[in-house]
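**Q** Quick note on numbering that gives the first Met the number 0: the first sequence kicks off at 0 and runs consecutively.
For glycine and all other residues, C-beta sits at the position ideal for the given N, C-alpha and C.
What follows is a single structure, and I will ask about it in a moment.
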Amino acid sequence: MTRKILVTSALPYANGHIHIGHLVEYLQTDIWVRFQKLRGNDCIYICADDTHGTALMIRAQKEGVKETDILEKMHAAHIEDFTGFGIRFDNYGSTNTSENRVFCNEIWAAIRKAGLVDEKEIEQLYDVQAKTFLADRFVKGTCPKCGKKDQYGDNCECGAHYSPTELVDPISAISGTVPELRKAKHLFVNVDAEHAFLEKWVSSGALQPEVANYLLGQFLNEPLHPWDISRPAPYFGFEIPDSPGNYWYVWFDAPIGYIGSTKQWTDRTGHDFNSWWRNTSTEIHHFIGKDITYFHTLFWPAMLKIAGFTLPKKVHIHGFLTVNGEKMSKSKGTFVLASTYLKHLDPSYLRYFYASKLSSRVDDIDLNFEEIEAKINADLVGNVVNLASRTAKFALHTGLSEYYPDDNGLFDEAAAAGDEIAEAYENGEFGKAMRLIMECGNRANKFIEDAAPWTIKLDTTRKDDLRDICTIGLNLFRQIVVYLSPVLPKLKTQVEELLNCKIDDWNLSKEKLLGGKVNPYKHLMTRVPKEGIARMIEESKSSEDFAGTSRPAETTTDTDEPLKAEPLTETKVSIDDFTKVDLRIARIVEASEVKEAKKLLRLKLSLGGDKFLNVFAGIKAAYDPATLIGRLVVCVANLEPRQMKFGLSEGMVVAAGPGGEEIYLISPDTGAKPGMRLH
RNA sequence: GGCGGUUUAGCUCAGUUGGUUAGAGCAGCGGAAUCAUAAUCCGCGUGUCCGGGGUUCGAGUCCCUGAACCGCCA
Numbered sequence: 000m001t002r003k004i005l006v007t008s009a010l011p012y013a014n015g016h017i018h019i020g021h022l023v024e025y026l027q028t029d030i031w032v033r034f035q036k037l038r039g040n041d042c043i044y045i046c047a048d049d050t051h052g053t054a055l056m057i058r059a060q061k062e063g064v065k066e067t068d069i070l071e072k073m074h075a076a077h078i079e080d081f082t083g084f085g086i087r088f089d090n091y092g093s094t095n096t097s098e099n100r101v102f103c104n105e106i107w108a109a110i111r112k113a114g115l116v117d118e119k120e121i122e123q124l125y126d127v128q129a130k131t132f133l134a135d136r137f138v139k140g141t142c143p144k145c146g147k148k149d150q151y152g153d154n155c156e157c158g159a160h161y162s163p164t165e166l167v168d169p170i171s172a173i174s175g176t177v178p179e180l181r182k183a184k185h186l187f188v189n190v191d192a193e194h195a196f197l198e199k200w201v202s203s204g205a206l207q208p209e210v211a212n213y214l215l216g217q218f219l220n221e222p223l224h225p226w227d228i229s230r231p232a233p234y235f236g237f238e239i240p241d242s243p244g245n246y247w248y249v250w251f252d253a254p255i256g257y258i259g260s261t262k263q264w265t266d267r268t269g270h271d272f273n274s275w276w277r278n279t280s281t282e283i284h285h286f287i288g289k290d291i292t293y294f295h296t297l298f299w300p301a302m303l304k305i306a307g308f309t310l311p312k313k314v315h316i317h318g319f320l321t322v323n324g325e326k327m328s329k330s331k332g333t334f335v336l337a338s339t340y341l342k343h344l345d346p347s348y349l350r351y352f353y354a355s356k357l358s359s360r361v362d363d364i365d366l367n368f369e370e371i372e373a374k375i376n377a378d379l380v381g382n383v384v385n386l387a388s389r390t391a392k393f394a395l396h397t398g399l400s401e402y403y404p405d406d407n408g409l410f411d412e413a414a415a416a417g418d419e420i421a422e423a424y425e426n427g428e429f430g431k432a433m434r435l436i437m438e439c440g441n442r443a444n445k446f447i448e449d450a451a452p453w454t455i456k457l458d459t460t461r462k463d464d465l466r467d468i469c470t471i472g473l474n475l476f477r478q479i480v481v482y483l484s485p486v487l488p489k490l491k492t493q494v495e496e497l498l499n500c501k502i503d504d505w506n507l508s509k510e511k512l513l514g515g516k517v518n519p520y521k522h523l524m525t526r527v528p529k530e531g532i533a534r535m536i537e538e539s540k541s542s543e544d545f546a547g548t549s550r551p552a553e554t555t556t557d558t559d560e561p562l563k564a565e566p567l568t569e570t571k572v573s574i575d576d577f578t579k580v581d582l583r584i585a586r587i588v589e590a591s592e593v594k595e596a597k598k599l600l601r602l603k604l605s606l607g608g609d610k611f612l613n614v615f616a617g618i619k620a621a622y623d624p625a626t627l628i629g630r631l632v633v634c635v636a637n638l639e640p641r642q643m644k645f646g647l648s649e650g651m652v653v654a655a656g657p658g659g660e661e662i663y664l665i666s667p668d669t670g671a672k673p674g675m676r677l678h
C-alpha cells in the first residue's frame, strides 16, 4: 500500500549559515525521504527558514537594514548550501509568509475558542537605549548565588538557575547599558488542559522510548506550566490579531511554518492541502535535534490537536555532532560551514559517513577526520566502487550476458537482505543498513577474487566465462547501488549512465540486468584527499562568518581593477537593441563534464514546463558539476544555436569574471522562477 | 537536587524475547594476489561486557546497589 508521508526537518534560523552540525539532521532526513520515494511512497519533504525573534531584529538594527533584507539573503544562502549537499526539498519556504500568518491565525483562534488563553502581567528587564525587552540570553550580570561576574541571565557556570531579574548589576548585552525593570502584559496558553492527551500521545509510539520516558518523568509527572506565548513590541514577528502590541513568540509560529510551507507546495503543484494536514491516514514525520524536544513533543502536538490538524506519526530525535570528540570549535577549525566543506570535499563523503553513524537513538555522533577517511576509503572506494572498477572494463566490448549465470546464490542472498536493509532504513537505523550493504559488497568482492576474471581474460577460449563473471559482478554492484541510492544520489546517477539503466525503484534490487551495453568506466568516487581536509580546517579557522552574523553593511570602496581590466564599452545601445537579447531565468537540471574539453561543462537548462536548452559553458575550472544541479542561473535563450564537436549548444549562461577559476554565475533573488524574462 | 540516558577489544560500535567457546569494521601483525584509485582475498583477539550483590540450571542481557560520564529542568 502506498503511504502518504509528509516529512520535515527543523527550520534553520535565518540568522546563521548552515554548518556541518546542522547537516546531520538535513542529511538524515533527506536520506529517509529518498528512501521512502524509492519505495514508491507518496512522500514530500517540507522545510523553511525560521525568521522571527529578537536575535534577527537586533542584527537588522545593528546593520541598519530591514529584517527582510537579511531574510532574502539567508534564504538564498541556505538553499545553495542544501542543494550542494544533494538535499532535495519539495518546498523550502519561510515562516515570514502570508500562508504562515493565515495558519497562525487559525490555530490561535482555535486555542482562544477552547478558552485556553490567559493574560498575566510580568516584570522583565527592558533596554531603554535599544528599545526592547531583553530575553534571558541578552542580559549579563553577577550571579546572585555565587557572586561570579559576567554570567548569562538564566544560569551561571556554578550551576545555579535564576531569573534575569535576580541578577546583581545586570547589563544589557545589546547596548551595554543598565536595563530597567518594566511590566508588560503576556499571554499564556494553558497547555495543561491537554495533559491527558499528551500523556497518551507521548506513549503512543510516536517517540523513541528514552524520549517518552524523559517527558513522562520530567514534565508530565506534574501539571504543565502555562506557556508564555507572546512578546511585547518591538518584536520581529506576527502581531497577535486580538491583542495589539503583542507578538507571537517565535516558537509559536516556527512549527506552524511546516504547515505554511506545505501550503505553498500544494498551491504550486495543485495538490489538495487537506489530504496532508487534515487526514489521519497521512503520516507526519518530524526530524529534530534533541535540544528542541519539548517544543515539538508537548506544545506542538497540543496545538495541532486543539486546531484539528493531523498529529505527528513520529518525531525522530537525533543527538548533536561533535568533531574529533569535542564540541565544534572555531579556533580548532572544526566549526565547518557547509559552503566551506563544499569547496574542499565531496558531499558524498559526509552523506555516507553520517549514514554509517546514525541510529534510531538520541546519541550524539562524532565526526572524526581520520575515521571519515578510513570509512570512505574502505567502504565506498575499496568495497563498493571497486566492484565496478574491477569488472566494468572487461565487459566494455561484450556487454552483459543474456542469461544470468550461476553465482552461488549471491544475488538472491543480497536480494533477500533487502528486506532487512529496508527495515533498518525505515526505523532510522542507517548505520545498520550500511553495515548490511557492506556485507553484500564483501561477498561480491570475494566472488570476483575467486573467479579471477583477469586470469580468464588471458584464455581466449573462455570469453563467455569472462562475460558471465562481469555480469555477476556488475549485477551485484548495481544491487548495492540501489540500496545505497538514498545516501549517494550522485553515485546512483553515475551508475545509471555506466550501465544504461534506471535506478528509481527499490524492487530493482530483485531484478537482474541482462544483455545490456556497458559504457566506458569512469572513476565513480575518489579516495578522501588528506589535503582537502587540511585546507577545509584551515579555512574554517579564518572564516569570518562562523556565527552567521554577516559583516555590518558599511560602505566600502570597491577596487577599480575589474574596470581597468575591461573598460566600459563606449558604444551606446538602444532599448530595442537590448530587448533583442532574450534573457531568461533557468534552472540547471543536469550538469556533467565534457571529458574531451578543457573548459566545458554540458548543462541542461530548464525554462519551465517541457522547455529545455542544452548548453556548453566554459566554467569547468570554476564549478563542480554536482554543485550546479538545481541552482538558478540567467541564460541567453535566443542565441543562435552553435554546433560544437560535442553537440549542439543552444544558449549561453551569463557569468562574470576574468575566467579560469574566477567565474561567477549570476543568481536571481529568491522568488524568481525558470522561464521568467529579464527586463 | 530532581529527571532521562550512557558505560562491551587500542578506536567506532553490534549484541534481537536471558541459552554453547561475546561479535563486526578500523588500526596492528603474517601471508596470497596484481583486475582495480596503495584498491582485493586469507589467517591472527587472554575483552575483570564499569564495580558489588541478587534472581536463575544458565546473566553482557532481568532486579537491587554503588561509581563515572553526558543531557534536560519549560
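(1) Can you look up residue 236 in the DSSP assignment and give me helix, strand or coil?
(2) Under the rule that 16 or more other beta-carbon atoms within 10 Å means buried, what is residue 676, buried or exposed?
(3) Can you look up residue 463 in the DSSP assignment and give me helix, strand or coil?
(4) Can you check the stretch 333 to 381 for any alpha helix (DSSP H) of at least 4 residues that lies completely inside it and give the ranges in chain order?
(5) In the DSSP assignment, what residue or residues form a beta bridge with residue 226?
(6) If distances are taken between C-alpha atoms only, which option among 645, 618, 577 and 587 comes closest to residue 637?
(7) Taking the straight line between their C-alpha atoms, what separation do you get for residue 518 and residue 600?
(8) I believe residue 382 touches residue 444 by the beta-carbon criterion, under 8 Å. Please report the beta-carbon distance rounded to the nearest angstrom.
(9) Measuring straight from C-alpha to C-alpha, what distance separates residue 551 and residue 293?
(10) Can you tell me whether DSSP reads residue 600 as helix, strand or coil?
(11) Can you tell me the Cβ-Cβ gap for residue 251 and residue 262, rounded? I've got them flagged as a contact below 8 Å.
(12) Suppose the cutoff is 8 Å on Cβ atoms and the five residues either side in sequence are ignored; what does the same chain contact list for residue 392 look like?
(13) Locate the alpha helix (DSSP H) running through residue 417, then write down its first and last residues.
(14) So, helix, strand or coil for residue 42, using DSSP?
(15) What is the rounded straight-line gap between the Cα of residue 411 and the Cα of residue 509?
(16) With distances taken Cα to Cα, identify the nearest neighbour of residue 235 among 328, 91 and 132.
(17) Just to confirm, are residue 201 and residue 192 a CB contact at a threshold of 7 Å?
(18) Using a Cβ-Cβ cutoff of less than 7 Å, which residues in the same chain neighbour residue 501 once the five nearest sequence positions on both sides are dropped?
(19) Leaving aside the five residues before and after residue 525 along the sequence, list all residues of the same chain whose C-beta is less than 8 Å from its C-beta, in chain order.
(20) If you measure from the CB of residue 675, is any heavy atom of the ligand MN nearer than 6 Å?
(21) Short of 6 Å in beta carbon distance, which residues of its chain neighbour residue 128, apart from the five on each side in sequence? Order them along the chain.
(22) Determine the DSSP secondary structure at residue 140, reduced to helix, strand or coil.
(23) For the putative contact between residue 82 and residue 124, defined by C-beta atoms under 8 Å, what is the C-beta separation to the nearest angstrom?
(24) Do residue 306 and residue 106 have their CB atoms nearer than 7 Å?
(25) Who are the Cβ neighbours of residue 649 in its own chain at under 7 Å, not counting the five residues just before and after it?
(26) Taking the straight line between their C-alpha atoms, what separation do you get for residue 25 and residue 313?
(27) For residue 485 versus residue 30, is the C-beta distance shorter than 7 Å?
(28) Taking residue 387 as the reference, which of 430, 452 and 435 has the closest Cα?
(29) Exposed or buried, residue 50, counting other C-beta atoms within 10 Å across all chains shown (16 or more means buried)?
(30) Using the beta-carbon count (16 or more within 10 Å), is residue 295 buried or exposed?
(31) My understanding is that residue 54 touches residue 14, with C-beta atoms under 8 Å, so please give their C-beta distance in whole angstroms.
(32) Indicate the three-state DSSP secondary structure (helix, strand or coil) for residue 525 in the structure shown.
(33) Return the residue from the list 227, 130 and 668 that minimises the CA-CA distance to residue 61.
(34) Using three-state DSSP, classify residue 271 as helix, strand or coil.
(35) Mark residue 284 as exposed unless 16 or more other C-beta atoms lie within 10 angstroms of its C-beta, in which case mark it buried.
(36) Give me the Cα-Cα distance between residue 598 and residue 422, rounded to the nearest whole angstrom.
**A** The answer reads as follows:
(1) As a position in the first sequence, residue 236 is number 237, starting the count at 1. Here residue 236 sits in coil by DSSP.
(2) For this step, residue 676 is matched to residue 677 along the first sequence. With fewer than 16 other beta carbons inside 10 angstroms of its own, residue 676 counts as exposed.
(3) On the first sequence, residue 463 is found 464 positions in, with the first residue counted as 1. Secondary structure of residue 463 (DSSP, three-state): helix.
(4) As summarised for the stretch 333 to 381, the continuous alpha helix (DSSP H) elements at least 4 residues long and confined to that stretch are 337 to 343, 346 to 356 and 368 to 374, given in chain order.
(5) Taking the first sequence and counting its residues from 1, the one referred to as residue 226 is at position 227. By DSSP's assignment, residue 226 forms a beta bridge with 188.
(6) Indexing the first sequence from 1 puts residue 637 at position 638. Comparing alpha-carbon positions, the option among 645, 618, 577 and 587 lying closest to residue 637 turns out to be 577.
(7) Numbered from 1 along the first sequence, position 519 holds the residue referred to as residue 518. Numbered from 1 along the first sequence, position 601 holds the residue referred to as residue 600. Their Cα atoms are separated by approximately 20 Å.
(8) Here residue 382 corresponds to residue number 383 of the first sequence, with the count starting at 1. Here residue 444 corresponds to residue number 445 of the first sequence, with the count starting at 1. Contact flag correct, Cβ pair sits at about 6 Å.
(9) For the purposes of this step, residue 551 is identified with residue 552 of the first sequence, where counting begins at 1. For the purposes of this step, residue 293 is identified with residue 294 of the first sequence, where counting begins at 1. Confidence at residue 551 is low in this model, with a pLDDT of 29, below 50, so the placement of that residue should be treated as unreliable; the coordinate-derived value is given next. The straight-line gap separating the alpha-carbon atoms of residue 551 and residue 293 is approximately 35 Å.
(10) Position 601 of the first sequence, counted from the start, is the residue given in the question as residue 600. Of the three classes helix, strand and coil, the one that applies to residue 600 here is strand, per DSSP.
(11) Numbered from its first residue, the first sequence carries residue 251 at position 252. Numbered from its first residue, the first sequence carries residue 262 at position 263. Residue 251 to residue 262, Cβ: 17 Å. No contact.
(12) Mapped onto the first sequence, residue 392 falls at position 393. The answer, listed in chain order, is 520.
(13) Residue numbering aside, residue 417 sits at position 418 when the first sequence is read from its first letter. Element bounds for residue 417: 409 to 425.
(14) As a first step, residue 42 must be located in the first sequence, where it is residue number 43. In the three-state reduction of the DSSP assignment, residue 42 falls in the strand class.
(15) Position 412 of the first sequence holds residue 411. Position 510 of the first sequence holds residue 509. Taking the straight line joining both Cα atoms gives about 8 Å.
(16) The residue you call residue 235 lines up with position 236 of the first sequence. Across the set 328, 91 and 132, the C-alpha of 132 shows the shortest separation from the C-alpha of residue 235.
(17) On the first sequence, residue 201 is found 202 positions in, with the first residue counted as 1. On the first sequence, residue 192 is found 193 positions in, with the first residue counted as 1. Taking 7 Å as the Cβ cut-off, residue 201 and residue 192 do not qualify as a contacting pair.
(18) One-based indexing of the first sequence puts residue 501 at position 502. Excluding sequence positions up to five before and after residue 501, its CB lies within less than 7 Å of the CB of 495, all in the same chain and listed in chain order.
(19) For the purposes of this step, residue 525 is taken as the residue at position 526 of the first sequence. Contacts found: 345 and 380.
(20) This structure lacks the ligand MN, and indeed carries no ligand of any kind.
(21) Counting from 1 along the first sequence, the entry for residue 128 is found at position 129. The residues are 174 and 176.
(22) Within the first sequence, residue 140 is the residue found at index 141, counting from 1. Residue 140: strand per DSSP, three-state reduction.
(23) Your numbering for residue 82 matches position 83 in the first sequence. Your numbering for residue 124 matches position 125 in the first sequence. Between residue 124 and residue 82 the Cβ distance is about 42 Å, and since that is not below 8 Å, they are no contact.
(24) Within the first sequence, numbered from 1, the residue matching residue 306 stands at position 307. Within the first sequence, numbered from 1, the residue matching residue 106 stands at position 107. In this structure, residue 306 lies near residue 106, with their beta-carbon atoms less than 7 Å apart.
(25) Start at 1 with the first residue of the first sequence, and residue 649 comes out as number 650. Spatial neighbours of residue 649 in its own chain (CB-CB distance under 7 Å, excluding positions within 5 residues in sequence) are listed in chain order as 612, 613, 614 and 640.
(26) As a working mapping, residue 25 is identified with position 26 in the first sequence. As a working mapping, residue 313 is identified with position 314 in the first sequence. Taking the straight line joining both Cα atoms gives about 16 Å.
(27) Translated into positions along the first sequence, residue 485 becomes position 486. Translated into positions along the first sequence, residue 30 becomes position 31. Yes, the Cβ-Cβ distance between residue 485 and residue 30 is below 7 Å.
(28) Your numbering for residue 387 matches position 388 in the first sequence. Closest by C-alpha distance to residue 387, out of 430, 452 and 435, is 452.
(29) As a first step, residue 50 must be located in the first sequence, where it is residue number 51. Of the residues assessed, residue 50 falls on the buried side of the cut-off, its CB having 16 or more other CB atoms within 10 angstroms.
(30) Against the first sequence, residue 295 aligns to sequence position 296. Buried, since its Cβ has 16 or more Cβ neighbours within 10 Å.
(31) If you number the first sequence from 1, residue 54 lands on position 55. If you number the first sequence from 1, residue 14 lands on position 15. About 5 Å separates the CB atoms of residue 54 and residue 14; that is less than 8 Å, so the two are in contact.
(32) Sequence index remark: in the first sequence, residue 525 carries index 526 (1-based). For residue 525, the three-state secondary structure derived from DSSP is coil.
(33) What you label residue 61 is simply residue 62 of the first sequence in a count that begins at 1. Of the residues 227, 130 and 668, the one whose Cα lies closest to the Cα of residue 61 is 130.
(34) Position 272 of the first sequence holds residue 271. Three-state result, residue 271: coil.
(35) Taking the first residue of the first sequence as 1, we reach residue 284 at position 285. Around the C-beta of residue 284, 16 or more other C-beta atoms lie within 10 Å, and the residue is accordingly described as buried.
(36) Here residue 598 corresponds to residue number 599 of the first sequence, with the count starting at 1. Here residue 422 corresponds to residue number 423 of the first sequence, with the count starting at 1. Between the alpha carbons of residue 598 and residue 422 lies a distance of about 45 Å.
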